[in-house]
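If you read the protein sequences in the order shown, they are chains A and B. Position 41, counted from 1, in the first sequence is what our numbering calls 77; the numbers after and before it change by one each time, with no gaps. Position 220, counted from 1, in the second sequence is what our numbering calls 344; the numbers after and before it change by one each time, with no gaps. Even glycine gets a Cβ: it sits at the ideal position worked out from N, Cα and C. Remember, predicted model here, so these are calculated numbers, not experimental data. In what follows, a structure is listed as structure tokens, so that the remarks can point back to it.
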Amino acid sequence: MANNNPAKNILYQKLQVVIDEKMELQNPLIEILHQAQEIFGYLPAEVQQFIADQMRIPVGSVYGTVTFYNFFSMEPRGKHVINVCTGTACYVKGASKLIQMIEEELSLNMGETTKDGQFTLTSVRCVGACSLAPIFTIGEEIFGQIDSRNKLKTILDKFNRYA
Amino acid sequence: MSLEIKVGLASCGLAAGARDVYTAIENYLHKEKIAADLKKTACIGMCFAEPIVEISSEKFAPIIYGRITPEEVPELIEKFLTGTPNTAKAIIAKDCEAEENDTYNSQTRIVLRNCGKIDPVSIDDYLKVDGYKALEKSLKNMNRTEIIDEIKESGLRGRGGAGFPTGLKWQFAYNENNKKKYIICNADEGDPGAFMDRSVLEGDPHSIIEGMIIGAYAIGADEGYIYCRAEYPMAIKHLRIAIEAAEEKNLLGENIHGTEFNFELHIKEGAGAFVCGEETALMASIEGERGMPRIRPPFPAQSGLWGKPTNINNVETFANIAWIILNGAASYAKYGTEKSKGTKVFALAGMIRNSGLIEVPMGMPIRDVIYKVGGGMKTERPFKAVQMGGPSGGCIPAKLLDTTIDYDSITKTGAIMGSGGMVVMDTSTCMVDIARFFLNFTQNESCGKCTFCRVGTKRMLEILTKITEGKGEMEDLEKLETLSKNIIKGSLCGLGQTAPNPVLTTLKYFRDEYVAHIVDKKCVAGVCKPLIKYEVIEDKCIGCTACARKCPTKAISGKVKEIHLIDQDACIKCGICFDVCKFDAISKS
């Protein structure tokens, strides 16, 4: 895509490589979107247009898929995405209280990103570690039994420090 | 003396801090120059006792320790080496008196046979426990119909929830005359509160792959997919490693075991949509489309993935296959009831002591599962209900605790077996609120194809929210029932057809609670915020100001050493004052 921003061009080049590689598969749209989100951090309209052009499919199909699945985001997200589990076991064991604690600690609301771009707070249906409810994940790391503000602070501080 | 040490590093272990324990062991062994075989394993099912460490040597039978901290590691190893193992922290061992020992030994583990015992990413570990022997037996000594008959005779029914006989399903796909067929493993474990699939995927991925290869051979498929939800990164990682290892050993690929049978297996990562657990939606998602269900017939066995005959089974179902082939249908069918054979894995969570995974024969009463295997309630608060089947299931009350666990008996209660998630609730859970929780879930996850599911669940959610806010009317209950009936009738797939179940079962067994919310404006469990009131108990308040300082809306006023007061209009009922007060001077009513 014509773009004067060199940093961005590199990202598009990366995406181009992914698309070329995946086009051998039968309709690889979801795989490409996963990778594109990893490259760009989110899926803005111009990235979707780029994918549609390269795959020679209507941009509507791309948009339809992006908006259907919870994993894809059209909004920029923070460096660390906090996913609070809101499955039944976590709900029964105080997931809403955990969300409230995080919201207060980071001064944001569910779905938002901190001003410094460090954290985004979202929820996930269930991460399947129900015995250690309430739970949240950051990236692929998983934290269980977060029932006190101190435990929460220690974890958030750790991520802030390595920011 | 050579030691063997295993640390459980599945998601549940990691969430409890097992990584630090593993590092502590590694460092200690290195520092003290102790020769030991340190292994990573997965989840043994005792999630409540994580982090879990198993130590054994030629001299001592394995001892499994629970709730280990990194600081305790040196003493644990040292005592084991000096011949006086620490038994205080042992949870499973010979002659061990720990309660957990009974929990573990009262189970019959078929699906979970290797979980927590082997290193899941080592194919050699799997081969050592008779791994891929069932595949060899199938390819060399059995013909395709014999395999299908064996599965039919075992009585195995689909463990994903609906309980359709697996052998019959395979027969349908076998009967189709088509050169191209697919086999799919549904690893999109969506029911919140169920995590047996995650545990097997993380802890014993080869057992699923072996089950799939046998299934593919039986029905005549040469290509397969494992559709795994993206929320399980470790499961996906372990599957990838396992598939590669199986390919290297020619257990996947062309001319498997020197026969003419070829089979290629792919992983497809989901993208977070509950409805993709429904088989036709799952196939749409594999095809790269929006995961929306398709009209049946034609059934997947006739026209499934890319229009080809397709057989789709759940993770737990596939994990049973190799065991059945090796041990025979009769050995499997000796467990369970007349119509529900074998064992079933349950995920115990919520307000239960021994939360984790257990595997027991079908036909055990729910009471035994909760009180014997599960160790009873976690707190002193009494049992109120057990939620089975996730958003498609229902809440089973105390009076039905003697119901036996089999597909038909559970369905009679209005709940469903589902994938085996059991979330135990005590009196701190509000049944109207839990019904609202599930409706919120299904309403969010409805794909929008069928009007009744799309709009109906939204209307039901609005009514339930109104009731939890104390604005409900008695007619609302009838409206809920009418909407439920229509949604069940007017929806194409399982998501819509079962979405009203949580409401219907709570209305059936806990109608009083709905009425209390509507008529008395009371939430007995103290959950529904608009119906709760926090007040300062004047006799107990010493004026420490802790609550006033923490109150996010500054709704609490009062000077030091004076009785405080909560401004009810400004109070958002967050409960912080109630939690921080050390003098029990805040009442919640």
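Reduced DSSP category for residue i - H, G, I as helix; E, B as strand; rest coil
{"i": "A185 (chain B)", "result": "coil"}
{"i": "T467 (chain B)", "result": "strand"}
{"i": "V117 (chain A)", "result": "strand"}
{"i": "K58 (chain A)", "result": "helix"}
{"i": "D243 (chain B)", "result": "coil"}
{"i": "Q52 (chain A)", "result": "helix"}
{"i": "R281 (chain B)", "result": "strand"}
{"i": "S608 (chain B)", "result": "helix"}
{"i": "A169 (chain A)", "result": "coil"}
{"i": "F423 (chain B)", "result": "coil"}
{"i": "Y658 (chain B)", "result": "strand"}
{"i": "P626 (chain B)", "result": "helix"}
{"i": "E177 (chain A)", "result": "strand"}
{"i": "I129 (chain B)", "result": "strand"}
{"i": "L689 (chain B)", "result": "strand"}
Pairwise C-alpha distance: residue j and residue i
{"i": "K252 (chain B)", "j": "T158 (chain A)", "result": "43 Å"}
{"i": "G620 (chain B)", "j": "L200 (chain B)", "result": "53 Å"}
{"i": "A148 (chain B)", "j": "K164 (chain B)", "result": "14 Å"}
{"i": "H362 (chain B)", "j": "A140 (chain B)", "result": "20 Å"}
{"i": "P175 (chain B)", "j": "G190 (chain B)", "result": "6 Å"}
{"i": "K613 (chain B)", "j": "E177 (chain A)", "result": "42 Å"}
{"i": "N145 (chain A)", "j": "G428 (chain B)", "result": "42 Å"}
{"i": "E569 (chain B)", "j": "A72 (chain A)", "result": "24 Å"}
{"i": "P329 (chain B)", "j": "I360 (chain B)", "result": "10 Å"}
{"i": "K697 (chain B)", "j": "F108 (chain A)", "result": "34 Å"}
{"i": "M59 (chain A)", "j": "T190 (chain A)", "result": "44 Å"}
{"i": "M549 (chain B)", "j": "A397 (chain B)", "result": "26 Å"}
{"i": "L588 (chain B)", "j": "P357 (chain B)", "result": "35 Å"}
{"i": "D708 (chain B)", "j": "D152 (chain A)", "result": "39 Å"}
{"i": "L481 (chain B)", "j": "L168 (chain A)", "result": "12 Å"}
is_contact[residue i, chain A] using C-beta, thresh 8 Å
{"i": "M784 (chain B)", "result": "For residue 784 (chain B) there is no data in the structure shown, the boundaries of chain B being 125 and 713."}
{"i": "Y306 (chain B)", "result": "no"}
{"i": "G415 (chain B)", "result": "yes"}
{"i": "T553 (chain B)", "result": "yes"}
{"i": "F387 (chain B)", "result": "no"}
{"i": "S615 (chain B)", "result": "no"}
{"i": "G314 (chain B)", "result": "yes"}
{"i": "A454 (chain B)", "result": "no"}
{"i": "R233 (chain B)", "result": "no"}
{"i": "C716 (chain B)", "result": "Absent from the structure is residue 716 (chain B), since the part of chain B shown begins at 125 and ends at 713."}
{"i": "W430 (chain B)", "result": "yes"}
{"i": "F423 (chain B)", "result": "no"}
{"i": "R560 (chain B)", "result": "no"}
{"i": "G650 (chain B)", "result": "no"}
{"i": "P654 (chain B)", "result": "no"}
Interface partners of residue i on chain A, CB under 7 Å
{"i": "L138 (chain B)", "result": "I178"}
{"i": "G335 (chain B)", "result": "Under the 7 Å cutoff, chain A gives no residues; its nearest Cβ is about 20 Å from G335 (chain B)."}
Contact set between residue i and chain A, taken where Cβ atoms lie within less than 9 Å
{"i": "Q511 (chain B)", "result": "T124, V128"}
{"i": "S479 (chain B)", "result": "A125, C166, S167, L168, A169"}
Contacts that residue i makes with chain B (C-beta to C-beta distance below 8 Å)
{"i": "L168 (chain A)", "result": "C136, A139, A140, C171, E174"}
{"i": "N63 (chain A)", "result": "E411, G412, E413"}
Contact list for residue i against chain B, beta-carbon separation under 7 Å
{"i": "Y105 (chain A)", "result": "A395, G396, A397"}
CB contact check: residue i to chain B, cutoff 8 Å
{"i": "Q202 (chain A)", "result": "Outside the shown range of chain A (37 to 199) lies residue 202 (chain A), about which nothing can therefore be said."}
{"i": "I55 (chain A)", "result": "no"}
{"i": "G100 (chain A)", "result": "yes"}
{"i": "E60 (chain A)", "result": "no"}
{"i": "R92 (chain A)", "result": "no"}
{"i": "I66 (chain A)", "result": "yes"}
{"i": "V117 (chain A)", "result": "no"}
{"i": "R161 (chain A)", "result": "yes"}
{"i": "F108 (chain A)", "result": "yes"}
{"i": "E140 (chain A)", "result": "yes"}
{"i": "Q136 (chain A)", "result": "yes"}
Cross-chain neighbours of residue i in chain A, by beta carbon under 8 Å
{"i": "V547 (chain B)", "result": "T124, A125, V128, C166"}
Where residue i meets chain D, residues with beta-carbon distance less than 9 Å
{"i": "Y356 (chain B)", "result": "Checking the listed chains, one finds no chain D in this structure; the protein chains it contains are A and B."}
Runs of beta strand (DSSP E) lying entirely within the region 330 to 388 of chain B, each at least 3 residues, in chain order: 347 to 352
Length at least 4, wholly inside the region 500 to 569 of chain B: the alpha helix (DSSP H) runs in chain order: 531 to 536, 555 to 569
Every unbroken alpha helix (DSSP H) inside the region 431 to 494 of chain B [4 residues or more]: 439 to 451, 453 to 457
4-residue-minimum alpha helix (DSSP H) runs that sit fully inside the region 139 to 194 of chain B, ordered along the chain: 142 to 155
In chain order, each beta strand (DSSP E) run of at least 3 residues that lies wholly inside the region 196 to 248 of chain B: 214 to 216
Whole runs of the beta strand (DSSP E) within the region 297 to 330 of chain B, excluding any shorter than 3 residues: 306 to 311
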